Amino acid sequence: MKAITRRLSKVMTTNKVLNPNNWAALPGGNTYDPIHILNNDFLYEAMRRIKISEQIVKIIDSVLESRQNKVITYHGLTEPYKVHDGIDQGDAISPLLWRIYYDPLLDAMEKSELGYTMSAEHIQQLNKVNDSFTSLKLYATVYMDDTVWIANSRSSLQKMLRIAEEFCEIVDISINAEKSQVLHICPKKDDELLPIQVKDQQVIPVKKSMLIRYLGVWLQSEPYKVHDGIDQGDAISPLLWRIYYDPLLDAMEKSELGYTMSAEHIQQLNKVNDSFTSLKLYATVYMDDTVWIANSRSSLQKMLRIAEEFCEIVDISINAEKSQVLHICPKKDDELLPIQVKDQQVIPVKKSMLIRYLGVWLQSATDKLVRYILNHVTFPQIEYLLKDMVLSESVCNTVNSTVLQFFKNKVGFVRSAMNSIFFMSEGYKLFNIQNRQIQMHGVNWLKRVNADNDVGLSTRIRLQQYQNATWHHKSILNSITIVNTKIGHNLIGDILGMLKAIDFKFHICTTLPGSLTFPSGGFILIAKCKDIKWFKKYCQSLKNRRIMFFDQLFNIDFSTFLHWPHLLTFIKGATREAIPGWYNDLEALHNTPTIRNKLIGMKEFHNFINPFIDMYSPFKTKDGVWYSQKDKGQYNIGKLTRERSLEDVLVDDYIAQHFVQVSRELEPTSIVKPCEKCPININTKGNDPRCLIAIDKSESIQIPVKKSKNSTSNTRHNQMEKRIVMPAKDIRKMHQIINEVKIEDTPYNNCIMDEDIDFEVTMFVNSKRKFLESKFMTEKVTVNKLIEITSQLRHLNNITVYTDSSCKDFDGQYGMGLGWIISESMNSIENDIRFKCYADHFPSSTKAELLAIITALAVASVGSVVNVFTDSQNVINIIEEIVSNRDRDIQWTKGKKIISRNAILHMIKDLDLTVQCHKVKTHSNDKYNEEIDSLARITWNEIFSGERIQVNIQAFNIPMIIPLWRGLALDISIKDTLQSINEYTWTQKWLNQNRIKWWITRDKARRIYWKFTAKSIHPSKITTFKSDFRESKFRQFSLKLLNDELPTMNNLHKRNFTNENPFKELKEKFIRMTHFEANKIKPTLVLSKTRERLQTVTENWENQKATAMEYSWITLPDIIIGLVPNSFVTACKELTGDSTLGAKVVIKSIYAFKKHLFGIWKQRCERLILWEKSKNITTNDKRSNKLKFVSNNSLTVIEREVDFDDITGAPLHNASVVVTPVSRQQYSYILNEASLNALTPVQGATMSCAVN
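So for the sequence shown, the UniProt record's numbering puts the first residue at 1; every next one is plus one.
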């Protein structure tokens, strides 16, 4: 059945056979997108409906009919029973069969006119109303048998339910009305609580404040009737439960069962009648969590029988599956004997296992276990609930603070420990809720917006709606501007805001259905001329009138600020209305010096012609469409008519009723009256009194004419007249512009061609140069090389090319080399053709190899066959997948190599190439494979000096929204990018801590082998399950050592100073431990040679101060805190003669050295505690901010407050005391006993006891 399931799934997914609104069974389906049991006869008909092979139908029929099932129980399998109908829930093919079975209903809903249509307008030109709309019809979203019906009204939903009920009756299934809920979004008051009829029951819509749970996500919910019991969250519920449960505890107390603990009070050794104190324990209870305590197995069994009798009486039950038995000090025979709980047997847990009671693990959990519970149990549940919402930064900080406080406590760190230790990859790699929600929403949103289904279209519609709502002149995808919206008001806005905050933008795709559009073309943005508060107030009003720029408020030549009646004529769809407040504010603003200065630039920007005054597009108002045409020096005004059949009228002409302007004192006014026939009349119908004229479309302009009391001239105010609501000078200016804009044909230039120039070759080179410069972003030298190679290959229609690449890390500086060879022996050319180049950003060997193939394809002739030889099977798989689906667009698959895949596909299509890949075995003595391997290698100098090349995503018109980070198009998944950004961010936060940055200079950082430094902290990877308490303690000590989190007494070694170097003994210890580990691998190694070889590592240890970590070279304290120098790695490699074996020596010797340090530190802490007790130093003394002097006989307190710096330990208000920045970083665990008895000033801010 698995084979049939895989085959059917592939066919149905590829050919889109089933309705896309059911998200189950097929690959790519999930429970995320919908948020955002059968009659077999009908099942077979449903399969035949979608043309499934009759042979497969018979196979499925034979499996489902006349079959028997058994049920798996604790005691084994039950007797078989006959299955009369339906499919098995756990079978592999069952989800697919259910989807086929349910598909006819969804298909019927799709063909009906029912449902809800969501749409978004694509506003591109502010002066036109014929902008396009993208719409999507939604009627249902289904996951298996969980169906959500979507309708635009209550009556529409009722009709949909009737269709569903008819389908259910036919196929012998039913709708569960009790589990059905109705959610009414934005209801009218009269319809708010009107019920929906579902079968014979009425379902009342839930209230707005209630929650509904769908696929595990809480959207809204309706109240339910409680038939019995008490509410868990009620204030009185705990008290009621305790009263309810008390009879059972009372019965246990009166019985002789339980466990008695006692203690004898011995006073007189010669008497045996001393008294005893005893306590009978039988149970400890918290609400319904009960622990029964007994002195034997039989006694516990009797107690459980009493408890079971009580439960039967009060109609509750014991959950045997959650019950556990802990046997303390058992006899060998009784150790694993089970306890009978109801009908099940519960076996006692082993001593090494953990038992959880009231949230407390009775045995201690390791740091890995606590991390696993947080990262892989708690966080996934939180993330699933965040699918349709975004947490604000303050809420995220609260969650992180709570998690950190818990984790620090469990793994033995103080609350003040640096947070970055726990989040960075070199530390505990703990999840951060802010980082996790950015990663989850970023990945899922990109997947949705690029999807080729209803989810993708609906996401792009919502994106367009958000773009329109922001009323911004730039795309919200690639604009740096973050639109300030309240968290929770718009999910897309919240997601884009989070991504933009970490420098993400997105490449705009114009080929996707419903692609994002935005209005532009203006010079002075209104939003930048006024404050944010003003713009928020009037944003919606401006959007309704499609006004975004100051440019729109001026006449045709920017000489006049438009009067409100005149402006209304250019506001598409606007009606007569009162002058709004924003108009008065902007009218006053345009006379200010600031705006006047900008107006000069605005005129020059538009070449003194306002593009927002639309002169051509028909603009229909209640008074019709009007035109003006200049004819023989006269301006003819005409109103468009419906006449279509008139003689002597050209096809490209309008037919309009002629109007004339009313004159006053020989001057034309804005008032127009119908013409009573004139010489230009073309109306030949005698019964039609109108004067009709022909309007030339190419020479006419559309003008606004409305019935209005207001006039643009000084005539006949306050009378309703048909008026040209536009100054006459603007009309004349518009006609002048039309006459000036003439398209003149450029005469052919009969130039004399040079006979020595091959015109065909020149044209070929120029076209190829244009092609290559558009496809790649590179230097001119690289383009010239490719053009030269192209010229050599012009005559070849079959090319064989060897490609290879390299990706190398030079101490944190990555570089990618790529190259290819076209051999002379295999391609009929005179000499081998070699090409080499380099690439940057997001390095990987696969990316470099694909880029090499893209450049090789670019030089091929049109229609040629290209044979690619490569040693990368991954690259071959990618190329073959692209070639086999060359007629389809590349789909979004986690965003990996999307740009490279699309570039190869477009290169194959543009040049009509046939590509064949061949695998070359590595190191197979293939001449050209060895040569290309050498050619593609990259060196340190070439990282900075080599010629760079990368794909231009604009030229390939990739049909996807591609993420950009700091202007770089991502050819890797956004998930990997976000993880890298988060790791880098937390590492930088760690480096910027005061206690770290004072000693880690740039020169020292280059001398440290960071990979081994991080590895030496963890005996095993923090992400693995291998864990024990020794490892947990070792990791805790290593991190505290590195980050100065160990309790110390500052500067103890400076008291009672001696000439003996306190680090001398540790230096010798370090050398001997290294020799011991190296000697295991190389037994012939002698100690003197090891000491000599490590001399370069330890040369500065004798000459410098023991605490001089701020120096650029490596000192012993650097080794002590856990840093691994490059010189030490090199020395171990030379000692063993092998880099892999040398790495083992490095790690093992550092481990051994840290274990030695741990022993010294532990002894020092014990001595410190004894010293504190001898000097009567209390915890309150250490916490106070007073300076204390301790002598051998007394404790003297100076009565003055001194604040100490938490990082350096230096007093902030005492100039007489000088403390160096390294005072906190004194590793006093190596001090001798005499140092503890010195006369020592104790600083409370830095004094502490030993940890754990």
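For glycine and all other residues, C-beta sits at the position ideal for the given N, C-alpha and C.
Since the model is a prediction, treat every value here as computed from it, not as a measurement.
Residue i and residue j: beta carbons closer than 8 Å?
i, j, result
"Y928", "S823", "yes"
"V868", "I879", "yes"
"K972", "F776", "In the sequence on display, residue 972 carries Ile and not Lys. No; because the gap between Cβ atoms is not below 8 Å, this pair is not in contact."
"A46", "Y116", "no"
"S1016", "I1150", "yes"
"H653", "I703", "Per the sequence shown, the amino acid found at residue 653 is Asp instead of His. No; because the gap between Cβ atoms is not below 8 Å, this pair is not in contact."
"I609", "D551", "no"
"Y282", "M252", "yes"
"K836", "G819", "yes"
"T922", "D871", "yes"
"V325", "V291", "no"
"L850", "V883", "no"
Using DSSP's beta-bridge definition, name the partner residues of residue i.
i, result
"M777", "Q950"
"W292", "A283"
"I613", "Its beta-bridge partners do not exist; DSSP assigns none."
"E165", "Paired residues: none, contrary to the question."
"S135", "S119"
"A694", "I655"
"L964", "K505, A969"
"S275", "H265"
"V203", "I196"
State buried or exposed for residue i, treating a residue as buried only when at least 16 other CB atoms are found within 10 Å of its CB.
i, result
"I532", "exposed"
"R436", "buried"
"H473", "buried"
"K722", "buried"
"W445", "buried"
"G638", "buried"
"H441", "buried"
"N1176", "exposed"
"Q916", "exposed"
"C678", "exposed"
Grouping DSSP H, G and I as helix and E and B as strand, with all else coil, what is residue i?
i, result
"T1074", "helix"
"N69", "strand"
"I879", "helix"
"P1125", "strand"
"H265", "strand"
"W820", "strand"
"C1165", "helix"
"G76", "strand"
"A578", "coil"
"K707", "strand"
"Y1151", "helix"
"T260", "strand"
"Y44", "helix"
"I680", "coil"
"residue 1254", "This structure gives no information on residue 1254, because the portion of the chain shown stretches from 1 to 1252."
"E721", "strand"
"F605", "helix"
"D631", "strand"
"T592", "coil"
Using a Cβ-Cβ cut-off of 8 Å, state whether residue i counts as contacting chain D.
i, result
"G1142", "Absence of chain D from the displayed structure is noted, only one protein chain being present."
As an exercise, report each continuous alpha helix (DSSP H) stretch of at least 4 residues that is fully enclosed by the segment 382-461, in chain order. Counting only runs of 4 or more, we get 393-411, 420-423, 433-449.
Give the list of continuous alpha helix (DSSP H) stretches no shorter than 4 residues that lie fully inside the segment 976-1062. Taking only runs of at least 4 residues, the alpha helix (DSSP H) segments lying wholly in the segment 976-1062 are 994-997, 1002-1006, 1010-1015, 1029-1042.
Quick one: which unbroken beta strand (DSSP E) runs of 3-plus residues sit fully inside the segment 475-525? Chain order, please. Runs found: 504-507.
What alpha helix (DSSP H) runs, 4 residues minimum, are completely inside the UniProt domain "RNase H type-1" (795-941)? Runs of the alpha helix (DSSP H) lying entirely within the UniProt domain "RNase H type-1" (795-941), each at least 4 residues long, are 824-827, 845-858, 873-884, 898-911, 927-935 in chain order.
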